[in-house]
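Asker: Going letter by letter, the sequence shown gives residues 276 to 492 in the numbering used here.
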Amino acid sequence: MAPRERKPALAALAVLLILVGALGATVMVLRAGNKIEVVAITQDVAAGQPIPQSAIRDIEISDVTDIQFVRWGQRGDLTNNYRAATNLKAGVVLTVPLITKGNTGLAPGKSIVGLSLKDGQFPSGLNPGDTVAAYRVGIDATKSGSSSGSSGGSDSLGSDSSLISDHLIVQTVDTSSGDLGSGNTSVKVLADSSVAGSLTVAASAGDVALVLVPGKN
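1. Going by beta carbon distance, what residues of the same chain come within less than 7 Å of V371, once the five residues before and after it are set aside?
2. Our contact map puts T406 next to V488 with C-beta atoms below 8 Å; I'd like the distance itself, whole angstroms only.
3. What's the gap between the Cα of S426 and the Cα of Y410?
4. Helix or strand or just coil, what does DSSP make of L401?
5. List the endpoints of the continuous beta strand (DSSP E) containing D333.
6. I'd like the span of the beta strand (DSSP E) that includes S391, first residue to last.
7. For T370, which of helix, strand or coil comes out of DSSP?
8. CB-CB under 7 Å to W347, same chain, minus the five flanking residues each way: which ones, in chain order?
9. With A359 as the anchor, note down where its beta strand (DSSP E) starts and where it stops.
10. How many Å lie between A466 and G366 at the Cα?
11. Which same chain residues, not among the five before or five after S386, have their C-beta less than 6 Å away from its C-beta?
12. Whole-angstrom Cβ separation of S461 and G413, contact assumed at under 8 Å?
13. From the DSSP output, read off the bridge partner residues of D449.
14. Helix or strand or just coil, what does DSSP make of D441?
15. I need the straight-line Cα distance from A408 to K463, nearest angstrom please.
16. How would you call N362, buried or exposed, if buried means at least 16 neighbouring beta carbons within 10 angstroms?
17. Could you tell me the distance, in whole angstroms, from the CA atom of S440 to the CA atom of Q324?
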């Protein structure tokens, strides 16, 4: 090809490259500007609890197609029909895997257990969402520990026979629900169904104490 013939071809190629670059830049700008309104959590919500209107707000973020955000326009359905599937912390942007549908909000194998506790049976400053351990206390627990120690069973070394569960999640703490003059505090916890019976029996006898689990609160 003669030099004069190459010049128009090179000029056309240069124009084409400029157009492709401009098109790419336009697409990037459009994608960056494609914002959506989604739900963000403004206060902690414990697993199994409903998500109230007062605990959410709307924020704008860039649309990411592979993430199932809960849209702000879905907030009515969220507050009426869904609960937290796990502990939700303030500042979290809500996605579908973090919520569960239903009136109870309980996953299979989970139960809500109500405890009536006196001062000294639970730590001060206990809040919904805290992870606690429940121990059986009192005469029955002492007998259980003594029999385990004398028999040389597997519970006599390296474990605590009075432990009922070490991964209970506090749902509510209500100091106003006790009997008149009782001074009791009502605490509801999310527990494995396998320990719900033992926890209920110990609580009904006043023989249960809650302890905050280190590293989980």
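Glycine residues also receive a C-beta, built at the ideal position from the N, C-alpha and C atoms.
Answerer: Reading it off the structure:
1. Position 96 of the sequence shown, counted from the first residue, corresponds to residue 371. Excluding positions up to five away in sequence, the list reads Q343 and V345.
2. Within the sequence shown, numbered from 1, the residue matching residue 406 stands at position 131. Within the sequence shown, numbered from 1, the residue matching residue 488 stands at position 213. Between V488 and T406 the Cβ distance is about 5 Å, and since that is below 8 Å, they are a contact.
3. In the sequence shown, the residue the question calls residue 426 occupies position 151. In the sequence shown, the residue the question calls residue 410 occupies position 135. Because S426 sits at a pLDDT of 40, beneath the cut-off of 50, its placement in the model cannot be relied upon, and the point is left open.
4. For the purposes of this step, residue 401 is taken as the residue at position 126 of the sequence shown. In this structure, L401 counts as coil in the three-state DSSP scheme.
5. The residue labelled residue 333 in the question sits at position 58 within the sequence shown. Following the DSSP letters along the chain, one finds D333 inside the beta strand (DSSP E) bounded by residues I331 to S337.
6. Counting from one through the sequence shown, the residue named residue 391 turns up at place 116. Element bounds for S391: K385 to L392.
7. What you label residue 370 is simply residue 95 of the sequence shown in a count that begins at 1. It is a strand residue.
8. Residue 347 sits at position 72 when you count from the first residue of the sequence shown. So the list reads E312, V313, V314 and D333, once near-sequence residues are dropped.
9. In the sequence shown, residue 359 corresponds to position 84, counting from 1. Unbroken beta strand (DSSP E) run through A359: Y357 to A359.
10. Numbered from 1 along the sequence shown, position 191 holds the residue referred to as residue 466. Numbered from 1 along the sequence shown, position 91 holds the residue referred to as residue 366. About 26 Å.
11. As a first step, residue 386 is located in the sequence shown; it is residue number 111 there, counting from the start. Closer than 6 Å at Cβ, skipping near neighbours: A466, S468 and A471.
12. On the sequence shown, residue 461 is found 186 positions in, with the first residue counted as 1. On the sequence shown, residue 413 is found 138 positions in, with the first residue counted as 1. The pair is not a contact, with the Cβ atoms about 20 Å apart (cut-off 8 Å).
13. By one-based count along the sequence shown, residue 449 stands at place 174. Per DSSP, S461.
14. Start at 1 with the first residue of the sequence shown, and residue 441 comes out as number 166. Three-state DSSP puts D441 in a strand.
15. As a position in the sequence shown, residue 408 is number 133, starting the count at 1. As a position in the sequence shown, residue 463 is number 188, starting the count at 1. C-alpha separation (whole angstroms): 13 Å.
16. Here residue 362 refers to the residue found at position 87 when the sequence shown is read from its first residue. Its Cβ being crowded by 16 or more others within 10 Å, N362 is buried.
17. Within the sequence shown, numbered from 1, the residue matching residue 440 stands at position 165. Within the sequence shown, numbered from 1, the residue matching residue 324 stands at position 49. So the two alpha carbons sit approximately 20 Å from each other.
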